[in-house]
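Quick note, the sequence shown lines up with residues 109 to 342 if you use this note's numbering. Positions of the beta carbon are idealized from the N, C-alpha and C atoms, including for glycine. If you're wondering where the values come from, they're calculated on a predicted model, not measured in any experiment. Data block below; observations after.
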Amino acid sequence: MLWMTVFHACFDLSHFGYWPQDFRTDPWWTWQRTAIVSMFLFCAGLGQAIAVHQGQRWPRFGRRWAQIVGSALLVSAGSFAMFPQSFIYFGVLHAMVVVLLVARCTAGWGRALWFAGTVALALPWLAQWALAGPLADVAGPMDARSLNWLGLVSRKPYTEDYVPVFPWLGVVWWGMAAGQWLLQRRPAWLQGDVFAALRPLAVLGRWSLSYYMLHQPVLIGALMAAGWVLGRTA
């Protein structure tokens with residue numbers, strides 16, 4: 109969560125012209141984004157393993173899932189206001205709406221989750237090869253917004269955040285598989301008190317969705333206020 113906040117703060121600084129950076133192609137930023145999203149979704153899968161192990165029922169899962177759906181719609185609306193040409197129509201929360209539901213339905217796959225995750229991670233690479241060669245005729249429909257949320261595309265769409273089902277479902281499946289393994293073999297690693305020094309960070313984990321939804325409006329608002337003040341004093 110902290111890494112994500114720093115990353116978004118840097119993005120906002122660039123967006124408002126304080127520190128111009130290339131967040132779309134510079135490996136320094138693109139690899140950071142990949143790492144942050146990977147950690148986010150791996151932990152989501154691990155959390156689902158714990159929830160299923162603790163006997164979480166569908167109604168409680170459904171309430172949380174509905175909160176994510178609502179938050180994803182708010183992200184789309186907010187990003188459309190800021191970036192009408194590249195608004196977020198399938199970002200990380202939109203992906204979670206789909207992948208958490210799939211993960212919940214496949215929780216009983218056990219060790220097969222590792223294999224399923226590997227296949228999910230490999231599919232985009234295979235699709236890119238196929239759409240550039242033997243399946244070139246269907247590249248257009250697969251690259252269209254109606255289907256590119258699957259991630260089986262020949263090129264990435266122009267959008268501020270793109271987290272398609274594949275390969276990211278694979279990360280969630282691996283997280284769930286790791287969680288199930290830990291619960292069976294090393295349950296103590298997922299139990300016990302958090303170190304006192306880390307307890308403030310644990311709050312971010314407990315309120316992750318709320319923090320995710322609020323941190324960018326706060327950062328953007330602060331930069332807009334700073335720009336107004338600097339403009340007034342310039």
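When burial is assigned at 16 or more other CB atoms within 10 Å of the CB, is residue i buried or exposed?
{"i": "Pro249", "result": "exposed"}
{"i": "Met190", "result": "exposed"}
{"i": "Val337", "result": "exposed"}
Considering only the beta carbon of each residue, do residue i and residue j sit closer than 9 Å?
{"i": "Ala285", "j": "Ala157", "result": "yes"}
{"i": "Val227", "j": "Gly278", "result": "yes"}
{"i": "Leu291", "j": "Phe124", "result": "no"}
{"i": "Asp120", "j": "Leu327", "result": "yes"}
{"i": "Arg141", "j": "Phe115", "result": "yes"}
{"i": "Trp281", "j": "Ala211", "result": "yes"}
{"i": "Gly153", "j": "Gly287", "result": "yes"}
{"i": "Ala224", "j": "Trp217", "result": "yes"}
Using a Cβ-Cβ cut-off of 7 Å (strictly less than) and excluding sequence neighbours within five positions of residue i, which residues of its own chain qualify?
{"i": "Gln175", "result": "Leu317"}
{"i": "Val273", "result": "Ala203, Val206, Val207, Trp257, Leu258 and Gly259"}
{"i": "Leu255", "result": "Pro249"}
Within its chain, find whatever has a CB closer than 8 Å to the CB of residue i; leave out the 5 residues flanking it on each side and keep chain order.
{"i": "Asp130", "result": "Trp137"}
{"i": "Tyr126", "result": "Leu331"}
List the whole-angstrom C-beta distance separating residue i from residue j, where the pair is believed to meet the contact cut-off of C-beta under 8 Å.
{"i": "Thr214", "j": "Leu208", "result": "Contact flag wrong, Cβ pair sits at about 11 Å."}
{"i": "Pro110", "j": "Gly283", "result": "Inspection of the sequence shows that residue 110 is occupied by Leu rather than by Pro. Not quite, the Cβ-Cβ distance comes to about 19 Å (not below 8 Å), so this is no contact."}
{"i": "Ser146", "j": "Glu268", "result": "The Cβ separation is near 19 Å, so there is no contact."}
{"i": "Ala108", "j": "Leu201", "result": "The displayed coordinates of the chain run from 109 to 342. Any statement about residue 108 would go beyond what the structure contains."}
Using a Cβ cut-off of 9 Å (strictly closer), state whether residue i contacts chain C.
{"i": "Pro308", "result": "Among the chains in the structure shown there is no chain C, since it carries only a single protein chain."}
Based on Cα-Cα distance, which residue from the options lies nearest to residue i?
{"i": "Ala185", "options": "Trp336, Pro325 and Met109", "result": "Pro325"}
{"i": "Tyr197", "options": "Val271, Leu306 and Phe303", "result": "Val271"}
{"i": "Tyr266", "options": "Leu239, Ala240 and Pro192", "result": "Pro192"}
With a threshold of 6 Å on Cβ separation, who are the neighbours of residue i within its own chain once the five nearest residues in sequence on each side are excluded?
{"i": "Leu182", "result": "none"}
{"i": "Thr341", "result": "Because Thr341 sits at a pLDDT of 45, beneath the cut-off of 50, its placement in the model cannot be relied upon, and the following sentence gives the value as read from the coordinates. Once the five neighbours on either side are set aside, Thr341 has no close Cβ partner at all."}
{"i": "Met321", "result": "Ser179"}
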